[in-house]
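Notes follow once the structure below has been shown.
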Ligand code: 6R9
């Protein structure tokens with residue numbers, strides 16, 4: 001391959017001189033990397049795809065895709081044409097215009113990525129939904145966002161309560177033998193016929209790009225809105241943290257239904273013109289090693305749960321594969337155990353680099369970048385351009401080695417723009433003095449490394465997926481046998497946490513294992529498999545505040561045999 005050096009941003013790509021770069025770095029300098037700094041015309045999809053297709057990366061492979069039945073590759077030129085075609089189909093048959101919400105609910109496949117970027121080219125706000133969502137979860141998200149268009153598959157259509165979604169005008173179905181009517185359109189048929197030319201919609205940097213619904217400890221999932229401006233940070237962290245270089249083959253294992261699967265599964269690699277591997281289907285250790293070997297993956301981004309599962313699958317399978325292409329391995333989503341780092345060093349010859357960030361932050365904030373001395377168990381240091389601190393409950397900065405709220409000074413480029421339809425919720429993330437409060441507790445050591453301690457709220461992190469206890473509790477009490485429900489995260493060696501539900505039954509129902517299983521299935525079918533409690537325990541009564549709120553901290557104390565703390569607000 002013809003390797004051409006990338007233009008350099010001011011400062012140091014490898015952060016070998018972190019302290020100096022930290023002092024002098026200015027996000028404004030990164031803007032020069034984008035065509036819009038000269039043309040004034042902004043669209044992330046142009047920077048991620050078209051720009052490369054028009055330049056020296058035209059015939060470079062942008063996407064390697066494989067699953068059980070497909071094995072394909074697409075150059076940047078191919079992707080430009082296919083995303084243009086997708087944009088034309090969405091515009092022509094779905095009337096998609098700037099600002100419209102276009103949801104995509106389907107398993108990973110090349111078409112998912114064509115549709116997503118095609119919608120971005122039209123200036124639409126894209127809402128990617130994980131394929132495991134069931135009707136309740138799908139409905140909440142489409143309703144809240146007033147989605148106008150949905151791209152899905154015939155198999156998943158059952159989970160879309162079309163008649164209860166008045167804003168939803170058009171459904172594109174990706175599959176074979178689609179019967180079209182006024183509302184349902186055959187996506188692939190029209191994709192084949194569509195023009196390769198598309199008039200891109202230019203947007204403002206602060207216009208909406210993507211909506212990711214995520215869980216908090218109270219209320220329904222909230223729509224975190226990100227804007228095109230985030231590309232500045234996607235690009236720069238692709239350099240500093242992912243360390244992507246022209247010749248790399250990069251693989252991020254996350255699904256685009258989660259923020260890692262878009263920010264670092266789509267935007268960061270393609271903004272930097274990197275060859276990106278996407279694999280469909282489910283997790284199987286053997287297949288994962290095969291993927292690395294087959295594509296010669298050099299940079300690999302995954303999650304602690306996955307690494308722990310690979311660890312559990314044993315080192316014998318590893319020996320059957322040539323994994324020597326790997327040169328940089330990263331992790332996100334949960335605390336990365338020192339034990340896993342040691343295992344990574346042993347089997348891949350690589351230290352796994354932890355990264356910390358959230359749906360709300362849009363991109364990396366605190367990381368271990370390649371040139372850094374890793375302290376196993378620490379999330380690393382804030383990247384240049386990001387100011388992090390530990391603050392108390394009033395927003396005062398605490399000295400090193402004191403535990404408190406992990407907070408970030410407002411103003412990094414990929415910060416969420418709002419919470420959809422809920423500006424007060426958005427405002428509630430910030431202290432008046434400008435600190436964004438993450439909901440994580442941590443401390444900073446005397447060398448400026450940050451150490452994760454836990455969530456401040458009741459949010460559950462199970463296998464790297466964020467589950468709000470309230471959403472699960474709400475679903476549980478819809479079951480006719482359930483009178484009350486309280487849900488907590490219970491520590492688990494592989495999954496980080498598992499979901500445990502405490503349930504009080506309605507009069508007339510008998511406790512039994514069958515009933516437990518029935519309740520579990522009810523949540524699984526109503527929300528999503530990963531939201532279903534792995535453990536259910538029946539109790540006559542649950543601890544509540546006088547105002548009727550389930551006291552999850554008391555449930556947690558029961559579970560872990562800990563002191564329950566202040567019980568003054570508990571009802572008699
Ligand atoms: C990107 C993503 C965010 C929450 C976050 C924290 C946990 C993420 C972590 C980590 C320890 C890390 N988290 N990275 N905990 N070490 N390196 O995961 O977004 O799904 O919104 O989750 O995940 O608790 O607050 P999201």
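In the UniProt record's numbering, the protein residues as written are 1 to 572.
C-beta: ideal position from N, C-alpha, C; glycine also.
Between which two residues does the beta strand (DSSP E) holding residue 329 run? It spans 328-331 - the beta strand (DSSP E) in which residue 329 sits, taken as one unbroken run.
Excluding the 5 residues flanking residue 397 on each side, which residues of the same chain have their C-beta closer than 6 Å to its C-beta? Result list for residue 397: 389, 391, in chain order.
Hey, would you say the C-beta of residue 336 is under 8 Å away from at least one heavy atom of the ligand MG? The model depicted lacks the ligand MG and carries the ligand 6R9 instead.
Quick one: complete alpha helix (DSSP H) runs, 4+ long, within the segment 424-504? 469-476, all fully within the segment 424-504.
I'd like the span of the beta strand (DSSP E) that includes residue 535, first residue to last. For residue 535, the enclosing beta strand (DSSP E) stretches over residues 535-538.
Which of the three DSSP states is assigned to residue 228 in this structure? Here residue 228 sits in helix by DSSP.
Less than 8 Å separating the Cβ of residue 339 from some heavy atom of the ligand 6R9? Relative to the ligand 6R9, even the nearest heavy atom lies 8 Å or more away from the CB of residue 339.
Spatial neighbours of residue 125 in its chain, beta-carbon cut-off 6 Å, leaving aside the 5 residues before and after: Contacts found: 101, 208, 211.
Which runs of the beta strand (DSSP E) fall wholly inside the segment 243-290 and span at least 3 residues, in chain order? The qualifying runs are 249-252, 275-279.
Would the segment 264-279 count as touching the segment 452-464 if we require 3 or more Cβ pairs under 8 Å? No, they do not touch.
Endpoints, alpha helix (DSSP H) assigned at residue 305: DSSP places residue 305 in the uninterrupted alpha helix (DSSP H) bounded by 304-312.
May I ask you to report which of helix, strand or coil DSSP gives residue 341? The three-state secondary structure of residue 341, taken from DSSP, is helix.
Rounded straight-line distance, which links the Cα of residue 109 to that of residue 262: Roughly 14 Å between the two C-alpha positions.
Sequence-distant residues of its chain with Cβ nearer than 7 Å to residue 302 (five each side left out): Within the same chain, and ignoring the five residues on either side of residue 302 in sequence, the residues whose Cβ sits closer than 7 Å to its Cβ are 253, 331.
Distance, Cα to Cα, residue 558 vs residue 434? Take the alpha-carbon of residue 558 and the one of residue 434: they are about 37 Å apart.
What would DSSP say about residue 3, mapped onto helix, strand or coil? With a pLDDT of only 41 at residue 3, under the threshold of 50, the placement of this residue in the model should not be trusted; the figure read from the coordinates follows. Residue 3 falls in the coil class under three-state DSSP.
If you draw a straight line from the C-alpha of residue 62 to the C-alpha of residue 121, how long is it? One C-alpha to the other measures close to 17 Å.
Name the DSSP bridge partner or partners of residue 72? Paired residues: 65.
Do residue 214 and the ligand 6R9 come close, with the Cβ less than 8 Å from some heavy atom? Result yes, Cβ under 8 Å from the ligand 6R9.
Starting from the Cα of residue 198, find the closest Cα among 227, 379, 89 and give me that residue. Nearest C-alpha to residue 198: 89.
On the premise that residue 327 lies in contact with residue 298, defined as a C-beta separation below 8 Å, what is that separation, rounded to the nearest angstrom? Yes, they are in contact, since the Cβ atoms of residue 298 and residue 327 sit about 5 Å apart, within 8 Å.
Am I right that residue 35 and residue 51 are in contact with their C-beta atoms under 8 Å? What's the rounded C-beta distance? So it is a contact: roughly 6 Å between Cβ atoms.
Short check: CB of residue 468 to CB of residue 219, under 9 Å? Contact flag set, yes.
Rounded to whole angstroms, what's the CA-CA distance from residue 533 to residue 498? Just pull it up for me. So the two alpha carbons sit approximately 7 Å from each other.
Ends of the alpha helix (DSSP H) at residue 17? No residue range can be given for residue 17, since it is assigned to no alpha helix (DSSP H) and is classified by DSSP as neither H nor E.
Please report the straight-line C-alpha distance between residue 78 and residue 172, rounded to a whole angstrom. Residue 78 and residue 172 have their C-alpha atoms spaced approximately 22 Å apart.
Mapping DSSP to helix, strand and coil, what is residue 170? Strand at residue 170.
What's the C-alpha gap between residue 553 and residue 419? Spanning the two alpha carbons is a distance of roughly 27 Å.
Cβ neighbours of residue 148 in the same chain (closer than 8 Å, five flanking residues each side left out): Once the five neighbours on either side are set aside, the close Cβ partners of residue 148 are 94, 95, 96, 100, 101, 102, 167, 168, 169, 170.
Does the beta-carbon distance from residue 240 to residue 14 come in below 9 Å? Yes, they are a contact pair.
Could you pull the start and end residues of the alpha helix (DSSP H) that residue 523 belongs to? Looking at the DSSP string, the run of the alpha helix (DSSP H) that includes residue 523 is 513-526.
Please name the residue in 466, 21, 356, 403 whose C-alpha comes closest to that of residue 445. Considering only alpha carbons, the answer is 403.
Residue 501 vs residue 478 beta-carbon contact at 9 Å: Result no, Cβ atoms of residue 501 and residue 478 do not sit closer than 9 Å.
In this structure, how does DSSP classify residue 405 when only helix, strand and coil are distinguished? Residue 405 falls in the strand class under three-state DSSP.
Quick check on this structure: which residue in 438, 292, 448 has the alpha carbon closest to the alpha carbon of residue 368? With respect to the C-alpha of residue 368, the residue from 438, 292, 448 having the closest C-alpha is 448.
Could you pull the DSSP bridge partners for residue 186 from this structure? 173.
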